[in-house]
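This note's numbering puts the first residue of the sequence shown at 4, with every later residue one more than the last.
Here a beta-carbon is modelled for each residue, glycine too, at the ideal position from N, C-alpha and C.
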Amino acid sequence: MPPYYGPDEPADTIYLERTFVAGDFISGVGYGTQLVLYTTCALYLWSQRKTRKRSIFLLAYITLLLVIETMFMVVQANTVQSMYIDNRNFPGGPWTYFLATQQLPINVIFYATLFVLTFLSDLLLLWRCWVIWTGSGRMIAYAVISFPALCTLASFAMGTLWTLQSSQPGLSLYSKLPMAFGTSYYIISLSINIMLTILITIRLLMYRRIVAASLSPDHAKHYLSLAAILFESAALYSVLAIMFIVTYAINNPLNQIFLGVASSAQQIAGYLIIYRLADGRAWSTDTLDSQSLPPTAVFGSVSNMRMTEISSFQLTATDHHTTVGTGLSSSYPSQGDVTKRDSKLENSIVTPKNNSIWKRF
């Protein structure tokens, strides 16, 4: 049997350190994904800065998000270096050093950036819920988001207490009091996400029948597909956040892995929402506004109408030509009749009010 060269620490502590490093690795993968999504969204939004006023605001938002996420990653990398390289001979090992130095500025920044990232992501989802429900009226939208908004304020207060308590001398993220605050904070934040996910999903399903009847299938699928609902509601984060809260509440070391996964998933979900906004595929306050329907949708509807009219015209022409039992003239319609009929057809196509699609608005 080969000699043992590992640390002289309990097996549980070694397992904690392994999950700590694994969580940092997953956070790094998530950060790389966010860089790609940020670049794509920023290019889209910058190109639309002169045509869409909201683009500058969204560009500033994702830039702030990336700056804070970068600070979070730098702090994580510095923490790993401090634990496993600079202070590897600390009595009790790297994990004991980490728990004993929570009051250091680097660890305070770690908790603060993690909290701010989660709060900003909750605000984005709250705004998206308001936008989607605005189609039913602004007062209804405000009524729908009133309770989630109050919960967001409560989560801000609880998150602030969690950050302050976790960075006190002698305490840590896994001390009894900070863990109570942290569990409460993430439960409130998760509840907000679940509520908003349900509200957004309900509203999208309510729109389904109207949009499916009004838009062409190719255009409607951008709003009605399962992927669209998952993106708009950030449902993926809710699932991963549940895994983190459960493992964190029972003090299972795997919570460090799920913390990295859930945090990255929350930011990625936000970028996907903004990407759909920049690409024009996300729901907006005027998605069902007749003036905002894309040319492809209108062309598809008009094309169907034109084919119906042409088929009717051909049937009439055939009836003129076929005289069996009809008592009609056996000659084709004159060129003047054709011109008049075609003119009426063009008028019925060009004028939106004559189209049954527009009548539902």
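Contact annotation: residue 124 and residue 158 have beta-carbon atoms that are not nearer than 7 Å.
For the 7 Å CB-CB criterion, residue 106 and residue 178 do not form a contact. In this structure, residue 252 sits away from residue 265, with a CB-CB distance that is not shorter than 7 Å. For residue 114, the enclosing alpha helix (DSSP H) begins and ends at 108 to 136.
A contact between stretches requires three or more CB pairs, one per stretch, nearer than 8 Å, and the region 84 to 95 fails this requirement with the region 52 to 68. The C-alpha of residue 8 lies about 18 Å from the C-alpha of residue 19. The alpha carbon of residue 28 has as its nearest neighbour, out of 76, 43 and 128, the alpha carbon of 76. Residue environment analysis places residue 173 among the exposed positions, since fewer than 16 neighbouring C-beta atoms fall within 10 angstroms of its C-beta. Looking from the CA of residue 183, the closest CA among 144, 249, 240 and 12 belongs to 249. In the DSSP assignment, residue 257 falls outside any alpha helix (DSSP H), carrying neither H nor E.
Less than 7 Å divides the Cβ of residue 33 from the Cβ of residue 267.
Fewer than three pairs of CB atoms, one per stretch, sit closer than 8 Å, so the region 35 to 42 makes no contact with the region 99 to 119. For residue 26, the uninterrupted alpha helix (DSSP H) run begins and ends at 14 to 50, by DSSP. If you draw a straight line from the Cα of residue 139 to the Cα of residue 71, it is about 35 Å long.
Closest option to residue 128, judged by alpha-carbon separation, among 21, 144, 161 and 203: 203. For residue 151 against residue 190, the beta-carbon gap comes to about 14 Å, at or over 8 Å, which does not count as contact. Minimum Cα-Cα distance from residue 175 among the listed residues 103, 164, 141 and 147 corresponds to 103. In the structure shown, residue 93 adopts coil according to DSSP, grouped into three states. Non-local beta-carbon contacts of residue 277 in its own chain, meaning distances under 7 Å to residues more than five positions away in sequence, involve 44, 61 and 65 in chain order.
Relative to residue 98, the option among 13, 4 and 208 whose CA is nearest is 13. Looking only at 240, 86 and 143, the smallest Cα-Cα distance to residue 272 is reached by 240. Around the CB of residue 67, fewer than 16 other CB atoms lie within 10 Å, so the residue is classed as exposed. A straight line joining the alpha-carbon of residue 101 with that of residue 25 spans about 16 Å.
Sequence-distant partners of residue 154 (beyond 5 residues in either direction) whose C-beta falls short of 7 Å from its own C-beta, in its chain, are 191, 194 and 195. Counting C-beta atoms within 10 angstroms of its own C-beta, residue 208 has fewer than 16 neighbours from the protein chains shown and is therefore classed as exposed. Taken through DSSP and simplified to helix, strand or coil, residue 185 comes out as helix. Per DSSP, residue 105 lies in no alpha helix (DSSP H) segment and is marked neither H nor E. The straight-line gap separating the alpha-carbon atoms of residue 275 and residue 84 is approximately 32 Å. Residue 4 carries a coil assignment under DSSP once its states are collapsed to helix, strand and coil.
Taking residue 197 as reference, the option from 281, 242 and 69 with the minimal CA-CA separation is 242. A distance of 7 Å or more separates the beta carbons of residue 136 and residue 57.
Buried is the label assigned to residue 86, since at least 16 other Cβ atoms lie within 10 Å of its Cβ. Residue 55 sits in coil when the DSSP states are folded into three classes, being neither helix nor strand.
Selection 116, 55 and 21 evaluated against residue 162 yields 116 as nearest (Cα-Cα). Excluding its 5 nearest sequence neighbours in each direction, residue 282 has C-beta neighbours in its own chain below 7 Å: 47, listed in chain order.
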